[in-house]
Each structure stands twice: as structure tokens, then as C-alpha cells.
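Only one structure is covered here, and it is reproduced in the block below.
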Amino acid sequence: MRLAALLMLMMAAAATPAAAHAFLERAVPPVGSELATPPGQIVLTFTEGVEPLFSTIEVRDAHGSVPTGKPRLPPDNARQLVIDLPSLPGGEYTVIWHATSVDTHRTEGSYRFTVH
Amino acid sequence: MSDIEIAAAVLRSVHVAALASLFGTLLFMAVALPVGSGTAQVRRSMRRLVLISGLAGLIAGLAWLTVQSAAIAGADSVAMALHVVPTVALRTQFGHWMLLRLFLLVVALFLMRRPGVAIQIALAGVALAVQPLLGHAGAIGGAAGAQLIASEALHLLAAGAWLGGLLPLFLAVGCLSHEMAAATCRGFTPIGLASVLLLAGTAVMQIATLMGGLPGLFGTGYGHVALLKLGLFVVLLSLAVLNRLVLTDRLAATASTRPHMRVSIAAEMVLGALVVVAAAFLASRTPGTHEQPVWPFAWRLDLGVFSDTASWAEPTIALGATAIGLAIAVAGVIWHRIRWPALGMFAAIEIVAIPHLDVLFVAAYPTSFFTSPTEFAATAIAHGARLFAADCAVCHGVEARGDGPAARSLPLPPADLTANHFRAHNDGELYWFISHGFTAPDGETAMAGFSGVLSSEAIWHLIDYLRAHNAGIAMRRTGSWPQPLPMPQFDAQCSGGRIIDLDDLRGRAALIVAVSGDEQVEPRSFDNIGAAVVVVARGIAATPTGATCIASEPQVWTALAIVLGVSLDALAGTQVLVDQDGWMRAAWRPGDAEDWTDPNTLAARLRDIQSHPIAVNMTGAQVHHH
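Shown next, in the form of C-alpha cells:
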């Protein structure tokens, strides 16, 4: 048994994990950041290509949803979603995203940032 | 899985099975079926099978597209599902590839009446091979994605050639004379053999990439479905071997074997269908690389012994002996005359050798292959430091040397977390120790587990702190880090409001300079040699100028002080060189012998680092494995 496991481990030793399903790779403004000036956009970069028609980004403050534009792909990056923001007053904001990756799987998540 | 996801997976498997049947039947007619007057009737039924498979593929494909569209759009009614189909079909990657495939199917069906099957095989083959572009592989992108798409396309074609050929084989064995039926089985052998080799080879590659290796295979839900699929494949293969090596020869000799052969092929078809269903459910799950694998065994392989000059000989000799023993056993099986002495020798060698392989295995825990999600972030290290002071220092001591005020009252002395030995444990093991604690040999609790006290995220932050602190203590003692340590991750602001993190600097060496409020920020640039400059600032409102970026979050200062083993106040003026792969390579503090305030000295050091990358595997977020 152990010998078999050993041989199999040697076979799979060079494993390189690959992504699938769109998970958040990085965000601007960054997760948990505290900003001196309000951001003009939210740019979310995912681990794989996303479908903008079936993805949403919602920004909430203490009173509810902040009106924003629809998410779009920048022309040079199929893994990014961008929304334009109105001028945000100081306060804490929650970004709630739903992404549909190009392999049709749906993922979601949220994070916060603060504007001083 | 929700109902709609299950429906999509079932339709996906019916669709793929029909495509496999179409491709396999066409290939079978071209390659395996003998040419001759006796085969006219079976050719007719196979052409019917081609038509039925193509139509079934078309209908199931349209149904899959509809249900998948509903799932993507979150539709809750049939009307809404139908409403979104055109959008999905025309404006998503999935839709585009689906439309191409359905178009190829229609063309292949229109060509039914034409003689010459090659173009039909090609169309059906392309339609089948598009499958990876509809799933995970098509979404990964880059070289890894392209590799996986190629591997999965071959996997699909091989599966189609073999499993799709079973139904025509069943028909042929049923209506041809028993001699011709046996000849057909022999004709199918090259298809089957090539397919099995391709399937196994490409499966190994997929286990490595999508599964997260063996921990993913044994420790995740995705892996378990794959194991089930692997098990079905082994049974399928055994039946195929039985058919070819035993039943085919009998069938050639006597017609009475015909029913046995047909039952065996039918069983193969059922298993093949189950494999396709398992594959479709696998494709609808989150791949194993995205789950933390729960390792089910009490040990794991550790090849560290081979890099230890004192102990590598024992397992090496034992492995050699094991291999020789196996070779003797194989020789015994081949040559009947030496069978029993050979098998006896094999047993004797293995009984002696195998216990010596024990050193290759170390104790493992369910979390042994967990990986940290924190990317060794400065914020995680700084948070971990606060948690350590609050929850751990009472036993382990403020400096983590195992000498806290409560240490003496414990049944086992707390671990010295600054010791070299600490670095021998991987992240997953440390996670287990912190979350589950330790029990003394007499059963008394030596350290309580923190799984109920700290969140999983907090435990990862503690681990990052402990690694940073351990390295910092070594730096304080010896002036260098005992093993490669990644630069803690942080965000920095560059000119023009651009925010970068260290990943953006990959491919360039970087100079990190700690500057506090009492000092001047000296503008420097190493752009001419392709290196970046990042200032870690404390208590100053500096704005980035030129190519220099600035990190002013206090956690970055704290994390840098920890990995350097100095107090917060002593960090000012420190410079750290980070190589193009994100490893910290050297540090300088005011007063050190070499003069890093001289730009020429620094430029020389940066160039040296750029031309000597270190050979450490650094894929993904996990950078501190051993």
C-alpha cells in the first residue's frame, strides 16, 4: 500500500495547481483599505475570464445600495470587471460581487473599504 | 448541487455520450469493421446508429444550452430561461462554442448520404474535442489553460473512440458470422489500446493540474468523484482485457461464445455510460485545487531524507532492493522453470527491504495539505503578532522561545518557536497543531486546541507571524535568513494614483527602503537596470514621485520589522533587496559594513541578484513550503 502510494506520489509530484471558477484575485480599492480620497472606480480582477452580462457588482453604504453603472470588461483584460462610482462621501462601504466565469460557474463574495 | 445544476449535469452527460457514440461509430466503421459482402446488413444498422446519435446529440445539446442558460442567469421560470438563451448563445464564450458544436453536428448529419466517411469523422471529432472549451479548462487561460485544453481534448477523443465504439461492436458481434465477429473484435484492438493509453496519460495530467495532486484526489469531494471514475475505468479495462484475451479467441473457434461476448460488451457499455455521467458531475463541481484537502491517512511521503547526507543511503538501498525484488518476481512469472525460487527470493528481499522505507514517511494530519490563503501578507503578519501576544505569549513567551510565565505549570514544555526545527513543519501541520493542540503522553492536555477560539483566518495569520518571527530571530542572530523567505505582500501607491502589489513587481528586482518621519526620502531610481524602488514609510505623508512607490500602512512597517528581527524604532533606514521572484535576498541596516548608501554598490548588488535567481518552486500563493 505504502509502496503504491509512493509511486503515485512520485508521479504526481510535479503538480501545478490551476485555477478554475472565478475567484477574486485582487481588488482596487484593495480589500480592507482605508482611503483618503474617494475612488472613482471599482476594478475587480478574477482568477479567470468572466462574463460581464451575467456578473454584478453592488456597492453598499450604511443606507443601502449606491447607484453605480453596470459592470464592463476593460478592452484588454477578460478577467477584470470595472464599475464607475459616483462621488462617495466618507464612510464604510461594502462591495458585493457575483461573477459568472466563462465556464458558466457562478461565484460570489464581498469585501469592505473605508473612505475618510 | 441545486436541482438545476443536477439537470444540467445529466443533460451534459447525455449530450457528450451521444457525441462519443457518433464519433466512435464512424471510426469503428472506418477502421474496425472488415470489408466484405457479409457486412452489408450491419453497416446499415450502424448508419442508423450514426443518425440516432447525431440527432440525440443535437436535441440533448439544445436542452443543455437552455438549462445551462437558466442556471447562469438564475432564471426561475421556463419563460425566463427561454428568454436568456439567445443572450447566452450569442454573447458568452460557452454559447459560442456550443453554437459551433451544434453547427458541426448538423453538417455531419447532412453529409450522411455522401460516400466517404473521413470528413464526417473529422466533423464529429472536432465537435467532441470542443468539450474542454465549455468547461474549467477553457476558463483558465494562459499556457496552463492551453495545455489542459489539449489534454482534455485528447481525453475526450480517446473516450469517444473506445466507448463510442462499443455499441457498434455489440451490433457486429450480434449479426456477423462468429469468425467475422472475432475478426472485428481484433480490428477494434488498436483503437481500444491507443485509447486506454491516451486516457491514462491525460488523466494523470488532469489530476496534477485540476485536482491539486494526490491530496486533492484523496481529500476533496472533487477528488472522490474522480476516484469513483478511476475505479469504474479499472473495471472497464479488466472487462476489455477479458474480451480481447479470452473471449475473442473462443469466439473465433465457436459460435456458442457469442452470448458471453455480447453480455460482456453490454456490461462495458453500462460502465462506460457511468464513467461519462461521473465526468459530467466532475465538470460541474469546484475543482479540488480550490478546496482545502482533508488528508485521510496518518502518514505522508516526505522526501526530505534524500537531501540529508547522513540518512539518504538507507532508503536509497531499500528502494533499489525493492526494485530488484520486483524484477526477479516478474522474471519468475515469465519463466515457469524458475517460478517458485524466484517468488521465494522476491518475498525474502521485500520482507527485509520494505521496513527500511519507513523513513520516507512522516506523521500526517487531516490538515497536512492545507495551504494558507494569506499570501504572507503584511497585514496578516501584523495581525498574527497581536494575536500571539494576546493568546500564546503566556505559555510560549513574548519572544516565542517557549519560556512564558505559565510554561512551568504545563505537563510538556511549550515549543520554542524560534528554533530551527520549527521550519521543518509545513503550513498545514502548524495549522493542525494550533487548532487541535497537544496531549502529553499521560493523556493530560499540554496545549489546548484553538479551533473554537480563533477563526481559521486568525490561525493562518498566527502562522504567518510565526514564520516571519522565526526568520527575524535568525536574522538577528546570524545576519541572514536561514532559508528563502518571500517579501511580505502589501499594496503601495505609485505616482498618478496607481496602486500596485508585489505581484506587479514580479520579473523585476526591487529595493525596499524603510523611511521614518525623522529622515529625508532620498529620491533614487534604478530604472536603468530594471529594478523598482518601494519606500515603506512611517509617520510621514510622502507622495510618490517618479518611479518610486510608497507603502504607508503601519502594518507594512510592523511586518518588515518582524522579518528583520528588529524593534519598530530600529527599522528606519533599513534596506531590503527583493529578487524578481519575490524572495528577500539581502538586508542592510545603517552601520553595516558594506555601504548601501552608495548607489553604485546597490546597483551592483541588484544586478547580481537579477542574474542569480534562486531555484525554489514558487507557484501560486503558497511560497513557504519545505
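Line order of the protein sequences matches chains A and B. Numbering of the first sequence is given in our numbering, commencing with residue 248 and proceeding in unit increments. Numbering of the second sequence is given in our numbering, commencing with residue 51 and proceeding in unit increments. Ideal Cβ positions, reconstructed from N, Cα and C, are used throughout, including at glycine.
Legend: CB atoms of the stretch 181 to 204 of chain B lying less than 8 Å from CB atoms of chain A belong to residues Leu184, Gly185, His186, Ala187, Gly188, Ala189, Ile190, Gly191, Ala194, Gly195 and Leu198. Listed along the chain, the chain A residues whose CB falls inside 9 Å of the CB of B/Phe144 are Glu298, Val349, Asp350 and Thr351. According to the DSSP secondary-structure assignment, B/Leu351 is paired through a beta bridge with B/Phe411. Here the stretch 71 to 85 of chain B makes contact with the stretch 171 to 186 of chain B; the two share three or more CB pairs at distances below 8 Å. Around B/Ala123, the beta-carbon contacts reaching into chain A at under 7 Å are Phe301.
Close to A/Glu295, with beta-carbon spacing below 8 Å, are these residues of chain B in chain order: Ala189, Ile190 and Gly191. Spanning the alpha carbons of B/Arg526 and B/Leu627 requires a straight line of approximately 17 Å.
When Cβ pairs closer than 8 Å are counted between the two stretches, the stretch 248 to 258 of chain B is seen to touch the stretch 193 to 213 of chain B, the count reaching three or more.
Contact annotation, B/Ala587 with B/Val565: C-beta distance approximately 5 Å; criterion of less than 8 Å satisfied.
Interface with chain A (8 Å Cβ-Cβ cutoff): B/Asp514 is excluded. Within 10 angstroms of the beta-carbon of B/Phe153 lie fewer than 16 other beta-carbons, which makes it exposed.
Within the stretch 92 to 122 of chain B, the residues whose Cβ lies closer than 8 Å to some Cβ of chain A are Gln118, Ala121 and Ile122, listed in chain order. At least one CB atom of chain A sits nearer than 8 Å to the CB of B/Arg141. Remark: C-beta atoms of B/Phe78 and B/Gly215 approach each other more closely than 8 Å.
For the stretch 467 to 549 of chain B, the full-length beta strand (DSSP E) segments reaching 3 residues or more read 495 to 497 and 541 to 543 along the chain. Residue contact with chain A for B/Asp477: absent (no Cβ-Cβ distance below 8 Å to any residue of chain A). Interface with chain A (8 Å Cβ-Cβ cutoff): B/Thr137 is included. Between the stretch 101 to 110 of chain B and the stretch 231 to 246 of chain B, the count of C-beta pairs closer than 8 Å stays below three; the two stretches do not touch.
Residues Ala110 of the same chain have their beta carbon placed closer than 6 Å to that of B/Val64, with the five preceding and five following residues left out of the count.
Listed along chain B are Asp551, each with a C-beta nearer than 7 Å to that of A/Arg273.
For A/Gly338, the uninterrupted beta strand (DSSP E) segment begins and ends at Gly338 to Thr347.
Collapsing the DSSP output to three states places B/Trp345 in coil.
Excluding its 5 nearest sequence neighbours in each direction, B/Ile388 has C-beta neighbours in its own chain below 8 Å: Ala381 and Gly382, listed in chain order.
With 16 or more neighbouring CB atoms inside 10 Å of its own CB, B/His519 falls in the buried class.
Per DSSP, B/Phe283 is one residue of the alpha helix (DSSP H) stretching across Gly271 to Leu292. Taking one beta carbon from each stretch, the stretch 534 to 550 of chain B and the stretch 417 to 426 of chain B have 3 or more pairs nearer than 8 Å; the two touch. Rounded to whole angstroms, the separation of the alpha carbons of B/Leu407 and B/Ala125 is 57 Å. With respect to B/His340, B/Leu437 sits apart: the two C-beta atoms are not nearer than 8 Å. B/Leu289 is positioned such that its CB atom lies closer than 8 Å to that of B/Glu318.
Counting C-beta atoms within 10 angstroms of its own C-beta, B/Phe160 has fewer than 16 neighbours from the protein chains shown and is therefore classed as exposed. In the structure shown, B/Ala368 adopts helical secondary structure according to DSSP, grouped into three states.
B/Ile367 counts as exposed, since fewer than 16 other C-beta atoms from the protein chains shown sit within 10 angstroms of its C-beta.
Its chain contains His205, Ala208, Ala209, Trp212 and Phe283 as the residues whose beta carbon lies nearer than 8 Å to that of B/Leu249, once the 5 sequence neighbours on both sides are disregarded; these appear in chain order. When the beta-carbon positions are compared, B/Phe396 and B/Ala371 stay at least 8 Å from each other. One finds Pro277 and Ser280 in chain A with Cβ atoms closer than 8 Å to the Cβ of B/Asp541, taken in chain order. Annotated as distal: B/Ala233 and B/Pro365, with beta-carbon spacing of 8 Å or more.
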